[in-house]
Amino acid sequence: MLLELTDVHTYYAESHILQGVSMAVEQKKTVNLLGRNGVGKSTLLKSISGLIVPRKGAIRFKGQDILGLEPHRICRLGIGYVPEERRIFPKLSVRENLMVGIKRDRRPENPWTIERVYSFFPRLEERDHQRGGNLSGGEQQMLTIGRTLMGNPETFLVDEPTEGLAPLIVDRVLGILNTVKGEGVSILLVEHSLDMAMALADRVYVMSKGRIVFHGTGDELMAAKDIRKRYLEV
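In terms of my numbering, the sequence shown is residues 1 to 234.
What follows is the structure in structure tokens.
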């Protein structure tokens, strides 16, 4: 396994958010994490990326225990994180935001460049010298994805990348995720759209109240009508 979580417990103060989560992401595979709002999906990604430190459990990346490492060290190991909050640098230009994402010690055969990001998101090229804080929500989402890819991650953590976006931008985001998957990068995707999950994922996990309540293939989830009705449908 490239990324493995074992019995992870994460808290906000005394609120017990993740309650013994165990899951795995294989090399060159895409895993989708589904569940209703507020069940702990974003907390799980933040626990992996080091923004929150779990109180108990183990998180291993390529066999190395990364629980408790600082976020910048986890990033340099090869884990890229696209947060739901986007977290761009508002006073830097689009190009400068992308340059911040470069990890010079990571040089794969086909590295991500600014020009390559612009080929997927032409709107960003049009905004090349514009400050990030002046971009629309959809443009900021594209910029956040592009900035993370500039670090050439081996594992790509993506939190709700299409939420609130126009259909055309959703298609572009789906296209870039398919490209990343095709290049052998592992993806852990939090996404509310079941259709998108089925289009991308090799494995699916369903979370409820901080626990994993289902894991299997997309076909197995579609066959598990009781799981979908109880934990996913509104």
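Heads up, the beta-carbon is just placed ideally off N, CA and C, and yes, glycines get one too.
**OP:** Go through its chain and collect everything with a Cβ distance to residue 221's Cβ below 6 Å, but skip five positions before and after it.
**Re:** 204
Distance, Cα to Cα, residue 188 vs residue 168? 23 Å
(Q) Do residue 90 and residue 152 have their beta-carbon atoms positioned less than 7 Å apart in this structure? (A) no
Query raised in the report: What is the residue span of the alpha helix (DSSP H) that residue 101 lies within?
Result: Element bounds for residue 101: n/a, residue is neither H nor E.
Fill in: Endpoints, beta strand (DSSP E) assigned at residue 211
211-216
Based on Cα-Cα distance, which residue from 54, 200, 119, 208 lies nearest to residue 235? Nothing about residue 235 can be read from this structure; the chain reaches only from 1 to 234.
Under the rule that 16 or more other beta-carbon atoms within 10 Å means buried, what is residue 161, buried or exposed?
-> buried
Return the chain-ordered list of same chain residues with a C-beta closer than 7 Å to the C-beta of residue 41, the five sequence neighbours on each side being excluded.
33, 35, 190, 207
*asked:* As an exercise, report each continuous alpha helix (DSSP H) stretch of at least 4 residues that is fully enclosed by the stretch 30-66, in chain order.
replied: 41-49
Inside the stretch 82-142 only - alpha helix (DSSP H) runs reaching at least 4 residues
94-100, 114-120, 122-126
*Is it buried or exposed for residue 46, if we count other Cβ within 10 angstroms and need 16 for buried?*
buried
Tell me which residues share the same chain as residue 158 and place their Cβ nearer than 6 Å to its Cβ, disregarding the 5 neighbours each side in the sequence.
82, 189
Q: Please report how far the alpha carbon of residue 115 lies from the alpha carbon of residue 99, in whole angstroms.
A: 12 Å
Quiz item: The alpha helix (DSSP H) spanning residue 155 covers which residue range?
Solution: It is not in any alpha helix (DSSP H) - residue 155 instead sits in the beta strand (DSSP E) that spans 155-159.
Discussion item. With H, G and I counted as helix, E and B as strand and the rest as coil, what does DSSP make of residue 2?
Written reply: coil
Could you tell me which residues DSSP pairs with residue 173 in its beta bridges? None; residue 173 has no bridge partner.
Where does residue 180 fall in DSSP's three states? helix
Within the same chain, show all residues whose beta-carbon is closer than 7 Å to that of residue 127, passing over the 5 residues directly before and after it, in chain order.
94, 135, 139
Using 10 angstroms around the beta-carbon of residue 230, count the other beta-carbons present and answer buried if the total reaches 16, otherwise exposed. exposed
- [ ] Ignore the nearest five residues each way along the sequence and tell me which others in residue 62's own chain have a CB closer than 7 Å to its CB.
- [x] 2
inquiry  = For residue 192 and residue 80, I'd like the C-alpha separation in whole angstroms.
reply    = 20 Å
**Q.** residue 124 to residue 118 span [Cα, whole Å]
**A.** 6 Å
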